[in-house]
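K.L.:
If you read the sequence shown in the working numbering, its first letter stands for residue 7, the second for the next number, and so on.
Heads up, the beta-carbon is just placed ideally off N, CA and C, and yes, glycines get one too.
In this text the structure is predicted, and so the values were computed from the model without any measurement.
Before we start, here is the structure in question, set down as structure tokens.
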Amino acid sequence: VHPALALRRRVQWSLEMEDPLPGLGYHLARSGAAVADFGADVGGAGTPPGMCYEDACECFAPFRGPRCDVEDGGGAMARSRLYSAAVHYIVNDEDVHVAELLYGLRNLWRRFNSRFDYPVLIFHDGLSSETRMQITQAAPHRIWFHRLPDDFLPAASLLPPDLRADEDEESESSHHSFSAGYRAQSRFRSGPLFAHVAIRRLDYIWGLDGDSMLPRDLDEDPFDVMHRNSSLVLGYRYLTVTSATSSKNFWETTLLYSGLAGIDLVAAGRSKGPFLRKFLMVPQGWTEAPSWNNKVVMTDCELLRVSFFVPGTEYYRYFEFLDALQGFWLYRWGDHAVRGVGTAVALWLLQEGSTLEGGTVPAEGGALGGPVKQAAYEMKIPYAHQGSCFCEDNRLICVSQGKEASGEPLWPVKKKIWECEVNRTAAALESAT
């Protein structure tokens, strides 16, 4: 197929299938077994290739077409992989956030995906056909769109009084403002993301924000790094400290869960090994009273082994406990806090607690290599987001570009575009020696 024709067909397939044929939803639901052979090695075994709502249908990667029966597996490299993985974003139809995503997609293609060709999943709470067309044409990614679930926003009775707004107030629908929508996206990324069929059929996902960017080309494939090491479950770019406004009662609720789950926080605070220790401190004047240091995993760039986070796992049980107490709606708990502390809690339970539920995993190459403890790790990749930038090369330095570098008229003036350029001072010192 001619490249231009292939791209045009991919753009058409990426758009939501409105007014589906009668019976298509039934066909998709019953056709999971038909793709079992495909999913045996790369995920999705026995799961349907797509799903329908009342007014539209969507396919799951790598399937396309009116009946989700055409495989769009990408190039030779993508087709040769023995695992399934995808990059994912969450976006709404606000112009400024669409502009951020358009630049982010072009940057991802130029710095990474033009070589590695992974699917890109766009979760949204309603995008116009024009916006979806813009997104698919931003760069030659293989893009799939997925609606956020029906329970993305809760019933008004679950919201605090100050967020019970009229349905016509669009400001409350934005998941990028500190509103009901913001709390909804935090909750979704904390848990329901991993219950979504499009995600559960994958082995790994790389979550990025629309304004995430790579300031230089990646030297290696982060997905492949995780795949080669069966112990790795969470890759994060950096930890930071969250504000008290998004963590009210969060630690107290975690303490309740720790008591129910049998987590020894005192022992975790003493040990140098567990990931949980990164989130603990002892208040001044105390000798043993582990408290949360308000550190969180920044989820604007995170790599996840899906099987560690899906429903039924220790991580998801922790999320369900938090969710049952309505903290996302009442106190604006962030997904960055849940991801960091939740992963740490799950790792402790699997490694230090009972191992009856899979606390260890086989080493690479199978059981003959012996058990390997699961772990979270810092990804040393070049990355930039808002005011932070990392080149991961002493010969380079982060340089802020002007708004024009984004190519988007609606790019926010206060947000920086980063590029890694030669560190002339370091180069001069090196040449002098």
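Since aspartate 217 and tyrosine 89 are thought to touch, with beta carbons under 8 Å apart, how far apart are those beta carbons, to the nearest angstrom?
P.N.:
Between tyrosine 89 and aspartate 217 the Cβ distance is about 28 Å, and since that is not below 8 Å, they are no contact.
K.L.:
Considering only the alpha carbon of each residue, which of Thr246, Ser20, Ala352 lies closest to alanine 274?
P.N.:
Considering only alpha carbons, the answer is Ala352.
K.L.:
What does the Cβ neighbour count give for glutamate 326, buried or exposed, with the cut at 16 atoms within 10 Å?
P.N.:
With fewer than 16 Cβ atoms within 10 Å of its Cβ, glutamate 326 is classed as exposed.
K.L.:
For the beta strand (DSSP E) containing glutamine 407, name the first residue and the last one.
P.N.:
Taken as a continuous stretch (DSSP letters only), the beta strand (DSSP E) holding glutamine 407 covers 402–407.
K.L.:
Three or more beta-carbon pairs under 8 Å between the segment 112–131 and the segment 70–84, yes or no?
P.N.:
Yes, the segment 112–131 is in contact with the segment 70–84.
K.L.:
Look up leucine 111 in the DSSP assignment and say whether it is helix, strand or coil.
P.N.:
Helix at leucine 111.
K.L.:
Helix, strand or coil: how does DSSP classify tryptophan 298 here?
P.N.:
If DSSP states are grouped into helix, strand and coil, tryptophan 298 belongs with the strands.
K.L.:
For proline 221 versus glutamate 425, is the C-beta spacing smaller than 8 Å?
P.N.:
Going by C-beta atoms, proline 221 is nearer than 8 Å to glutamate 425.
K.L.:
Go ahead and label alanine 12 buried or exposed: buried means 16 or more other beta carbons lie within 10 angstroms of its beta carbon, across all protein chains shown.
P.N.:
Exposed, by the Cβ-count rule.
K.L.:
Along the chain, where does the beta strand (DSSP E) containing phenylalanine 229 start, and where does it finish?
P.N.:
It is not in any beta strand (DSSP E) - phenylalanine 229 instead sits in the alpha helix (DSSP H) that spans 228–234.
K.L.:
Whose C-beta lies closer than 6 Å to the C-beta of histidine 94 among residues of the same chain, with five residues either side of it excluded?
P.N.:
Excluding positions up to five away in sequence, the list reads Leu127, Ile211, Gly213.
K.L.:
Are the beta-carbon atoms belonging to tryptophan 339 and serine 192 less than 8 Å from one another?
P.N.:
Taking 8 Å as the Cβ cut-off, tryptophan 339 and serine 192 qualify as a contacting pair.
K.L.:
Would phenylalanine 315 and tyrosine 321 qualify as a contact pair, given that the criterion is a beta-carbon distance under 8 Å?
P.N.:
Yes.
K.L.:
So, arginine 195 versus tryptophan 335, is the Cβ gap smaller than 8 Å?
P.N.:
In this structure, tryptophan 335 does not lie closer than 8 Å to arginine 195 by Cβ.
K.L.:
Can you tell me where the beta strand (DSSP E) with valine 425 in it begins and where it stops?
P.N.:
Reading the sequence as shown, one finds glutamate at residue 425 and not valine. Unbroken beta strand (DSSP E) run through glutamate 425: 423–428.
K.L.:
So tyrosine 242 packs on valine 303, CB below 8 Å; how close in whole Å?
P.N.:
Correct: roughly 5 Å between the Cβ atoms.
K.L.:
Would you say proline 54 and aspartate 75 are within 8 Å of each other, going by their C-beta atoms?
P.N.:
No, they are not a contact pair.
K.L.:
Around the Cβ of proline 72, are there at least 16 other Cβ atoms within 10 angstroms (buried) or fewer (exposed)?
P.N.:
Result: exposed.
K.L.:
Helix, strand or coil: how does DSSP classify phenylalanine 158 here?
P.N.:
Coil at phenylalanine 158, not helix or strand.
K.L.:
Would you report the Cα separation of leucine 30 and leucine 199, rounded to the nearest angstrom?
P.N.:
Near 24 Å, if we compare the C-alpha coordinates of leucine 199 and leucine 30.
K.L.:
Could you please give the first and the last residue of the uninterrupted beta strand (DSSP E) stretch that includes tryptophan 212?
P.N.:
Counting along the chain, the beta strand (DSSP E) containing tryptophan 212 begins and ends at 210–214.
K.L.:
Look at phenylalanine 256 and glycine 333 and say whether their C-beta atoms are less than 8 Å apart.
P.N.:
Taking 8 Å as the Cβ cut-off, phenylalanine 256 and glycine 333 qualify as a contacting pair.
K.L.:
What residues in its chain sit with their C-beta under 7 Å from that of threonine 361, if we drop five residues either side in the sequence?
P.N.:
In this prediction, threonine 361 has a pLDDT of 34, which is less than 50 and means its spatial position is unreliable; nothing more can be read from the coordinates.
K.L.:
Where DSSP assigns a beta bridge to tyrosine 95, which residues make up the other side?
P.N.:
Answer by DSSP bridge pairing, in chain order: Ile128.
K.L.:
Tell me the DSSP secondary structure of valine 102 in three-state form.
P.N.:
Helix at valine 102.
K.L.:
Run through the DSSP bridge pairs and tell me what histidine 152 is partnered with.
P.N.:
Bridge partners of histidine 152: Phe129.
K.L.:
State buried or exposed for tryptophan 292, treating a residue as buried only when at least 16 other CB atoms are found within 10 Å of its CB.
P.N.:
Exposed, by the Cβ-count rule.
K.L.:
If you count every other CB in all the chains shown that lies within 10 Å of the CB of proline 289, and 16 or more means buried, which is it?
P.N.:
Proline 289 comes out exposed.
K.L.:
Nearest CA to the CA of threonine 431: which residue from Ala145, Ile403, Ala204, His152?
P.N.:
Ranking Ala145, Ile403, Ala204, His152 by Cα distance to threonine 431 puts Ile403 first.
K.L.:
Run through DSSP, which three-state label would threonine 319 get?
P.N.:
Correct three-state label for threonine 319: coil.
K.L.:
Taking the straight line between their C-alpha atoms, what separation do you get for leucine 224 and leucine 133?
P.N.:
Each residue's alpha carbon lies about 31 Å from the other.
K.L.:
Take every Cβ of the segment 230–241, pair it with every Cβ of the segment 380–397, and state whether three or more of those distances are shorter than 8 Å.
P.N.:
Counting Cβ pairs under 8 Å, three or more are found: they touch.
K.L.:
Verify whether the separation of the beta carbon atoms of threonine 142 and aspartate 99 is less than 8 Å.
P.N.:
No, these two residues do not count as a Cβ contact at 8 Å.
K.L.:
Looking only at its chain, what residues have a beta carbon closer than 6 Å to the beta carbon of proline 280, apart from the 5 residues adjacent to it on each side?
P.N.:
Result list for proline 280: Ala274, Trp354, in chain order.
K.L.:
What residue does the alpha helix (DSSP H) around glycine 265 start on, and which one ends it?
P.N.:
Run containing glycine 265: 256–267, per the alpha helix (DSSP H) assignment.
K.L.:
What three-state label does DSSP hand glycine 340 in the structure shown?
P.N.:
In the structure shown, glycine 340 sits in coil (DSSP, three-state: anything other than H, G, I, E or B).
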